[in-house]
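Protein chains in written order, with our numbering: chain E, 26 to 392; chain X, 26 to 392; chain F, 26 to 392; chain P, 26 to 392.
Just so you know, even glycine gets a beta-carbon here, dropped at the ideal spot from N, CA and C.
Reviewing the structure listed below.
4 protein chains.
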Amino acid sequence: MAGSTLGTLLSVTTWGESHGRGIGVVIDGCPAGLSLAEQDIQIYLNRRKPGQSRFTTPRKEDDTVEILSGVFEGMTTGTPISLMVRNTSQRSRDYREIASYYRPGHADYTYDRKYGFRDYTGGGRSSGRETIGRVAAGAVAAKLLQELGITVNAYTRSIGPVTIHPDRFDLSQMEKNAVNMPDAEAAALAEAYLDQCRERQDSCGGVVECVISGLPAGVGEPCFDKLSACLAKGICSIGAVKGFEIGDGFRSAEAFGSDNNDAFYRKEDGSIGKRTNHSGGVLGGISDGSDLIFRAAFKPTPSILTEQQTVNREGEEITVSIKGRHDPIIVPRAVVVVECMAALTVLDLLMVSMTSRLDRIKDFFGV
Amino acid sequence: MAGSTLGTLLSVTTWGESHGRGIGVVIDGCPAGLSLAEQDIQIYLNRRKPGQSRFTTPRKEDDTVEILSGVFEGMTTGTPISLMVRNTSQRSRDYREIASYYRPGHADYTYDRKYGFRDYTGGGRSSGRETIGRVAAGAVAAKLLQELGITVNAYTRSIGPVTIHPDRFDLSQMEKNAVNMPDAEAAALAEAYLDQCRERQDSCGGVVECVISGLPAGVGEPCFDKLSACLAKGICSIGAVKGFEIGDGFRSAEAFGSDNNDAFYRKEDGSIGKRTNHSGGVLGGISDGSDLIFRAAFKPTPSILTEQQTVNREGEEITVSIKGRHDPIIVPRAVVVVECMAALTVLDLLMVSMTSRLDRIKDFFGV
Amino acid sequence: MAGSTLGTLLSVTTWGESHGRGIGVVIDGCPAGLSLAEQDIQIYLNRRKPGQSRFTTPRKEDDTVEILSGVFEGMTTGTPISLMVRNTSQRSRDYREIASYYRPGHADYTYDRKYGFRDYTGGGRSSGRETIGRVAAGAVAAKLLQELGITVNAYTRSIGPVTIHPDRFDLSQMEKNAVNMPDAEAAALAEAYLDQCRERQDSCGGVVECVISGLPAGVGEPCFDKLSACLAKGICSIGAVKGFEIGDGFRSAEAFGSDNNDAFYRKEDGSIGKRTNHSGGVLGGISDGSDLIFRAAFKPTPSILTEQQTVNREGEEITVSIKGRHDPIIVPRAVVVVECMAALTVLDLLMVSMTSRLDRIKDFFGV
Amino acid sequence: MAGSTLGTLLSVTTWGESHGRGIGVVIDGCPAGLSLAEQDIQIYLNRRKPGQSRFTTPRKEDDTVEILSGVFEGMTTGTPISLMVRNTSQRSRDYREIASYYRPGHADYTYDRKYGFRDYTGGGRSSGRETIGRVAAGAVAAKLLQELGITVNAYTRSIGPVTIHPDRFDLSQMEKNAVNMPDAEAAALAEAYLDQCRERQDSCGGVVECVISGLPAGVGEPCFDKLSACLAKGICSIGAVKGFEIGDGFRSAEAFGSDNNDAFYRKEDGSIGKRTNHSGGVLGGISDGSDLIFRAAFKPTPSILTEQQTVNREGEEITVSIKGRHDPIIVPRAVVVVECMAALTVLDLLMVSMTSRLDRIKDFFGV
């Protein structure tokens, strides 16, 4: 595959540039019989829209989704679902300047080296707008997972040095602050920190955490398509992600085995549970029935007003200051992107896991 | 794919259980004309062999590789290269006890849930011996990369709380200590730490770092097959890995954009370089011509002598102490596994990148 | 993959139903630097448009293609090319009748069994309009192949019992008759035959032949991705195709080896040629440098006015006569579809073949 | 994929050359819980073994299969099943002669052009021995299909001009003649025809037919992974196959729609059947519940004693006569190969089809 398609049974293919005619995605393999309307997708897209707080770009993007195929009389038909968002906010500004040099921290240089030239308007395919396709598809996956009793929730865990505290964790707080933090106190600190950042004409990074509940045990394929490995790929394929960890992640590298192992116990209903969840819901790369918990590290937005050294296409060293409508941080808007990539990954592997046992296949076909 | 195959143009399919007849791998898509002998692969396998220091299991494993196909008169033919290592060290010990309960931190429970039962002898497919296939294949990839001027070097970065120091970094030290650390002083501390671990009948984790040099710019496919995303998957598919980060990784989540961006400059030969390498060698998921640097977090070995709570197959709560020949840490032996997964991933994407530009395709075919 | 994506390096994903909002395709992996305009694609789409002769449905379909992404300033950028054709000719006719029963020879019954229900308007995803995505993508592939000196030409070989004669073969005749036959005499006979068919309120089938010239030797991957095998899949994935053969095909099953083998000889320029081409351009599934020649058998259009026995959704046996705007034969319009599927398949395998030899990879990277 | 792997959920990867150390296959994605012993596979391998009649090469091949992984205590575990057959019959004959020129009808020339050189001993990877991996894997697939009530039966339909007659069809006759024909009379004629062939030092081709019974409706994925398209690929990937057709195939190209359409009717048990089966068991590329019927055209064995013109590696024109132990026809031995490729293809798509409907997925997971 050339890189724009992801998934085995549920596959998504995204397309579109920041300043082209639109952005879209084709979802192939979505089971028939899911009730689906544009509004189901729109609410996810709205969560990633800019202009919703003082920390996101004031650029207005309408991002209205259109279902082009795969839904008939309000139900998915099992055939490809094509979703499109027209680009409407294309300013006629002059991109010639940006075209002439390589912005530090951006993909300008690597696209030029890979393809010989690049679509320099608004970042082209490496723009954050590329995530629209991921979110539109993820909204469908999340809706289907909900029908199966599986929920996916992501939120901002940290912004710069400010991290949420477990004792104050309250998911309902997420929507009440500009940074999507499930901790009112941390959110206030983070907002103050971001104000300082902006004053300094700088940007900063952060961490998104995601919890998946209700996932049955047995999802994930050894050896290469482990649930953790596929999540790592899906999450690290998001533009600004520089790290991924599941369960205790990098902290487990400093732990003792006696602390890191999760003890099994017998639940009241006779089923088996774990006393702790250091593993983050996977053992041997297969879901163990506990909550799946992982984190993604986002680098600071590379577009900053602060002066930077770089080189132009002629190879001359120059100093630049990136103007334009950019977020000082992308983490709050990236929360829904993480959630959607997780939903897509989990749903795909969940469907694949249906064929792991002959006895269940026999039951399925009634033989 | 069912999970045991990885890669687009260069694909590997691994097979084999810890205590079955053998372990192996099929490499498909290896270009014709690479000089290859069993010894080229054996030196990599020897690096992951147990019994080489007091911190690895005294279990003797011969792990002698056999090339079954794909090489003719010392050269790869372009057809599948099948490699096999016979299992020779199968003790006739009684695994019935292990079969009867779920070891904490192991995949016993999830395999049972996924497949209905499991091969309980020595961990079956979730055993560390599964990595033999990865290493055998990676040795071939690494040899081919060397022909193209690309080197891949992994080493132990930290063990528990002990981390190597950049000022003392010396790759030649790696082979001189039992923990594969390129820093003699840190290695001594780590060894002392491991001795304490073992005395406590406990285990610990660590971090492996990997550097890839000589990689041309332009490798990695937007949007889902980013170089960083594919590395994340390859690395996180290794059994005990709980985290992956590239460049500054999780630290970049706490950085400012002005610090995290790498300034471009003009090199003496007129080409373009970067003053720093916070990005770890990728921009927009595509290699930028700098060194590729990433890290993998390994959890502590789950098999420990210390008593643990768990549940048996009858659902009764019991207390267990895992006997047997187990490493107190797997990191030193995992170094070569990381190196090999990196080599496989990079070589695959390097070959895919050959078709990104029409002008170069025309040159290739002489039109 | 769920079935709507085809290809390894150059992959296409099609979407859309007959009477939905549109039909489209995403081409991923198209190399950067190909000059491409909507008109390049439109001329291919026009070749499959209905209403061009008295043997194609009088239904007017505009089928105007829009390039939504992947092209910047007239050049492909290397990122996904999204193409869409809006459905404009949706009659508000009542499809309830068709919805209530299973048309013989159509996919109504199998879609119902597979998905639980179906989009009954105009055939949904099993409609001939699905081929729009194939043709739009194939037009791009064909243009790129031309840049490499490779041409793909398909034509009607037979209609019912009327077959073209090699002695009268003239590709320029194709556009001069209503049946796309490169033989004026056969075309006249075929047209007369079709007139009879229509009078009888019946339909008929035919054979499309395709010749690919200029393909270098070495394309096709043993063992499963043989050039012949991938062509077979691509061609047999076209709705009404019931058979595929390459070179002498089924006739070779009746031949002697001494007749069927193609003798090699030395060409004047010193290169190696074949005296005959019974193999159709492949040996061992790999292109041999000769013309690639294959044929596809198309069944008669299943929609006929003649009365037929069938069953309705309630399981009652009924008699039906399929009204509507249907072609008495689909072969003339299918010619361009065959051509396009061939172009897509050949281009993909051509790009894959670039990595078969280490010496050429070294040359490519200049090492 | 580089071409040696086939399948989505059930994938097979074959390896091995004619005169290397062995031939093998890795089956990934085989569900856990299938009872499997080496003998189950051996009976299939024995059917393709040479030396069983006067029309197959007198070369003795033992072809004893070894299960290397994926089976524990007689049951498949869900992990990769690695199967190997050691090459034991390697004559120390001199292949230098064959190495020096290109045998007409063989892949010598194309391998040389693709890979730069070739393993010239016994055909290397393009040898008929490559089918051992297909047959070993297909035996496992066929056994699993039987557990689901699905049977796959292939047989020789024609040899040269001799074709079986429907009125004399008797599957039990297959094993009683040297040509695997389910028609005693045709078999006798075919044997006489083959005797003539051999006297003339020539070879001939034939057609294999395959019937799959018990397949539920709903298998096959539009648009590219149609059941017919995937079968076409699987079958056309067999070395000597030059054509594929399903149902009436090429004959349907000469039929009228009124004859070719299959009328639906109501069976006594209330389910829906078809009065005829011109479609060969697929409608819109999806199984319709009828028997699946397809045919494969095999070219004559290219190795013949008769003198042929060709070119040597120095580019000189020469005359050759291919000595050695070769079958005058490969069709009888290819019957089991066709059967096995069909079993693999059908099982894979059957498992994929389990996720086509949300209501059934809910049932599966008990929600």
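Environment of residue i [buried if 16+ CB atoms lie within 10 Å]
| i | result |
| --- | --- |
| L196 (chain X) | exposed |
| F275 (chain P) | buried |
| T344 (chain P) | exposed |
| A254 (chain X) | buried |
| E224 (chain F) | exposed |
| Q64 (chain F) | exposed |
| G295 (chain F) | exposed |
| D384 (chain F) | exposed |
| R300 (chain E) | exposed |
| R138 (chain X) | buried |
Sequence-distant residues of the same chain with beta carbon closer than 6 Å to residue i, five excluded per side
| i | result |
| --- | --- |
| D87 (chain P) | T113 |
| T104 (chain E) | G95 |
| E342 (chain X) | V336 |
| R111 (chain X) | G47 |
| M199 (chain X) | Y180, N205, P207 |
| A167 (chain P) | V177, A368 |
Terminal residues of the alpha helix (DSSP H) in which residue i lies
| i | result |
| --- | --- |
| G314 (chain F) | Note, G314 (chain F): premise wrong, no alpha helix (DSSP H); not H, not E. |
| K139 (chain E) | 133-140 |
| I92 (chain X) | Per DSSP, I92 (chain X) belongs to no alpha helix (DSSP H); it is in the beta strand (DSSP E), 90-92. |
| A179 (chain F) | Note, A179 (chain F): premise wrong, no alpha helix (DSSP H); beta strand (DSSP E) at 176-184. |
| Q64 (chain E) | 63-73 |
| T156 (chain X) | 156-172 |
9 Å Cβ cut-off: residues of chain F touching residue i
| i | result |
| --- | --- |
| F97 (chain E) | E42, G45, F142, R143, D144, Y145, T146, G149 |
| C235 (chain P) | Neighbours of C235 (chain P) on chain F: none; closest Cβ ~14 Å, over 9 Å. |
Within chain X, the residues that residue i reaches when beta carbons sit closer than 7 Å
| i | result |
| --- | --- |
| M379 (chain F) | M379, T380, F389 |
| T113 (chain P) | Correct list: empty, because the minimum Cβ distance to chain X is about 14 Å. |
Residue i: contacting residues in chain F (beta-carbon distance under 8 Å)
| i | result |
| --- | --- |
| V392 (chain E) | What V392 (chain E) touches in chain F: nothing, since even the nearest Cβ is about 17 Å away. |
| C365 (chain P) | None at all; the shortest Cβ gap to chain F is about 13 Å. |
Contacts that residue i makes with chain E (C-beta to C-beta distance below 9 Å)
| i | result |
| --- | --- |
| G174 (chain P) | F390, V392 |
Where the beta strand (DSSP E) containing residue i begins and where it ends
| i | result |
| --- | --- |
| M109 (chain X) | 106-111 |
| S36 (chain X) | 36-41 |
| D384 (chain E) | Looking at the DSSP string, D384 (chain E) is not in any beta strand (DSSP E); the run it does join, the alpha helix (DSSP H), is 383-390. |
| G32 (chain P) | No beta strand (DSSP E) holds G32 (chain P); DSSP gives it neither H nor E. |
| E342 (chain E) | 342-345 |
Within-8 Å CB hit, residue i to chain C
| i | result |
| --- | --- |
| V51 (chain F) | In the structure shown, chain C does not exist; the protein chains are E, X, F and P. |
Residue i: contacting residues in chain P (beta-carbon distance under 9 Å)
| i | result |
| --- | --- |
| P186 (chain F) | E279 |
Contact set between residue i and chain E, taken where Cβ atoms lie within less than 7 Å
| i | result |
| --- | --- |
| P56 (chain P) | T380, S381, R382, L383, I386 |
Chain-order list of residues whose beta-carbon lies under 7 Å from that of residue i (same chain, five-residue window excluded)
| i | result |
| --- | --- |
| V266 (chain X) | I260, A321, A322, F323 |
| G163 (chain F) | Y69, E364, C365, M366, A368, L369 |
Close-in-space but distant-in-sequence residues of the same chain around residue i (CB under 8 Å, 5 per side omitted)
| i | result |
| --- | --- |
| F389 (chain F) | M379 |
| E216 (chain E) | F80, N202, A203, V204 |
Proximal residues of chain X, C-beta to C-beta of residue i below 8 Å
| i | result |
| --- | --- |
| L369 (chain F) | Per Cβ cutoff of 8 Å: no residues; L369 (chain F) is ~14 Å from chain X at best. |
For the 8 Å Cβ check, are there 3 or more pairs between the stretch 245-264 of chain P and the stretch 179-192 of chain P? no
Are at least three pairs of beta-carbons, each pair with one atom in the stretch 213-231 of chain P and one in the stretch 277-294 of chain F, less than 8 Å apart? yes
Any contact between the stretch 144-158 of chain E and the stretch 239-254 of chain X? By contact I mean 3 or more CB pairs, one from each, below 8 Å. yes
Are three or more beta carbon pairs between the stretch 128-135 of chain F and the stretch 39-56 of chain F nearer than 8 Å? no
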